[in-house]
Amino acid sequence: MAANLMKALCYDRYGGGAEGLKHVEIPIPTPKKDEVLLKLESASVNPVDWKIQKGMLRPFMPGKFPFVPVTDVAGEVVEVGPGVQNFKAGDKVVSMLSFRNGGGLAEYAVANKTLTVKRPPEVSASESSTLPIAGLTALQAITEGAGLKLEKSSTDKQTNVLITAASGGVGHFAVQLAKLGNIHVTATCGARNIELVKSLGADEVIDYKTPEGAALKSPSGRKYDAVIHCATSIPWSTFEPNLSENGKVIDMTPGPRAFLTSFTKKLTFSKKMLVPLFVASKSGNLEYMLGLVRDGKIKVVIDSKFPLAKAEEAWAKIMDGHATGKIIVTSE
Ligand SMILES: NC(=O)c1ccc[n+]([C@@H]2O[C@H](COP(=O)([O-])OP(=O)(O)OC[C@H]3O[C@@H](n4cnc5c(N)ncnc54)[C@H](OP(=O)(O)O)[C@@H]3O)[C@@H](O)[C@H]2O)c1
1 MAANLMKALC YDRYGGGAEG LKHVEIPIPT PKKDEVLLKL ESASVNPVDW KIQKGMLRPF
61 MPGKFPFVPV TDVAGEVVEV GPGVQNFKAG DKVVSMLSFR NGGGLAEYAV ANKTLTVKRP
121 PEVSASESST LPIAGLTALQ AITEGAGLKL EKSSTDKQTN VLITAASGGV GHFAVQLAKL
181 GNIHVTATCG ARNIELVKSL GADEVIDYKT PEGAALKSPS GRKYDAVIHC ATSIPWSTFE
241 PNLSENGKVI DMTPGPRAFL TSFTKKLTFS KKMLVPLFVA SKSGNLEYML GLVRDGKIKV
301 VIDSKFPLAK AEEAWAKIMD GHATGKIIVT SE
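Right, dumping it as structure tokens:
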């Protein structure tokens with residue numbers, strides 16, 4: 001490889017899936033004001049990465065073609081741009097790159113200092129790279145979307161929460177976060193992951209392919225105060241009879257019908273609500289999640305790891321929608 005060039009994967013048009021990703025050699029980016037240059041050790045892929053490629057967020061994303069996708073990375077600072085005081089070369093960090101600019105499927109990437117945090121030595125690069133989107137979404141869905149507390153208190157009434165797709169990247173964090181609070185967790189996943197999801201702390205787990213699972217019925221007859229909805233395509237009519245009087249559905253993948261339901265519920269002062277949620281990049285949340293992993297309070301489940309040279313296989317796997325935990329791409 002020539003000096004100042006790096007290996008990366010990019011696509012140059014909408015669509016194309018894993019086959020649309022091309023291995024290229026491109027210049028190592030230069031950190032601008034408030035940016036750091038990272039030598040990447042690990043990246044994790046998320047459904048939003050292939051959704052951007054598919055054109056589901058056009059015209060806003062990606063910012064330009066050709067595009068090096070993926071936002072969730074861990075690596076070592078090798079250079080800092082003007083205005084960066086809190087990082088220096090050699091710092092091990094985790095970053096959430098911008099959705100518009102991406103950059104994670106490469107040997108190097110530039111990250112904004114405000115979306116970068118130092119990672120404790122006890123947390124590996126692979127583990128930490130799983131946290132930006134999946135970890136923050138789970139945390140924000142529970143604490144901000146559902147308004148639940150993540151510490152146990154003997155005075156609080158127990159809350160009943162349903163987590164759909166509890167075996168996925170977001171869901172497996174959501175189960176563990178919920179169990180930090182005074183929360184009874186019902187979870188849905190496929191039959192092959194029931195024992196795993198129980199081991200993460202879920203109190204009852206239902207197979208989504210059974211009639212009870214499809215109906216989202218709690219085996220113990222509970223009504224849900226909140227649903228952390230990480231699966232897709234479940235209509236409001238399925239949630240509604242399972243909600244408590246003030247139950248809320250926090251929807252991670254809201255389509256036009258979900259927005260309409262959400263609007264109608266607000267307009268009619270309904271006690272049962274649908275709340276669309278979009279992850280916000282907050283460095284404080286990332287530090288909090290890193291601390292939980294460091295302290296052994298949250299376990300990262302890794303589905304599979306692929307070297308950068310085979311990152312298209314990670315892409316095909318995340319598109320397939322059957323990951324158990326997180327899919328990682330490592331620098332060789
Ligand atoms: N709004 C936001 O800011 C935001 C942020 C992050 C994620 N999201 C969205 O949230 C969704 C989940 O993301 P993720 O990263 O967790 O996805 P993921 O890791 O790809 O989820 C895969 C898992 O979901 C399970 N699953 C699929 N359909 C299911 C169903 N109907 N019921 C129960 N389990 C089901 C699969 O189980 P099987 O293999 O057994 O089928 C698999 O284990 C995606 O649509 C993503 O785009 C949104």
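Numbering (the UniProt record's numbering), first residue to last: 1 to 332. Ideal Cβ positions, reconstructed from N, Cα and C, are used throughout, including at glycine.
Around the beta carbon of Phe269, fewer than 16 other beta carbons sit within 10 angstroms, so the residue counts as exposed.
Taking a cut-off of 8 angstroms on C-beta distances, the region 296-313 does not touch the region 273-284, as fewer than three cross pairs fall below it. At a Cβ-Cβ threshold of 8 angstroms, Glu25 and Lys7 count as neighbours.
Annotated three-state conformation of Tyr288 is helix, per DSSP.
With a 10 Å radius around the Cβ and a threshold of 16 neighbouring Cβ atoms, Gln158 comes out exposed.
Nearest to Ala316 by alpha-carbon distance, out of Leu9, Leu5, Ala18 and Tyr14, is Ala18.
Here DSSP, grouped into helix, strand and coil, assigns Asp203 to coil. Relative to ligand 1, even the nearest heavy atom lies 7 angstroms or more away from the CB of Ala146. Distance from the CA atom of Ile183 to the CA atom of Leu5, rounded to whole angstroms, is 50 angstroms.
In summary, Glu107 is buried, with 16 or more beta-carbon neighbours lying within 10 Å of its beta-carbon over all protein chains present.
Ligand 1 never approaches Ala89 closely enough for any of its heavy atoms to be under 7 angstroms from the residue's Cβ. As summarised for the region 18-85, the continuous beta strand (DSSP E) elements at least 3 residues long and confined to that stretch are 22-27, 35-45 and 72-80, given in chain order. Assignment of beta-bridge partners to Leu162 by DSSP yields Thr186 and Val227.
For the pair of segments examined, the region 253-264 was found not to touch the region 92-108: the number of CB pairs separated by less than 8 angstroms stays below three. When rounded, the separation of the alpha-carbon atoms in Ile142 and Glu195 is 23 angstroms. The beta carbon of His322 sits closer than 7 angstroms to at least one heavy atom of ligand 1.
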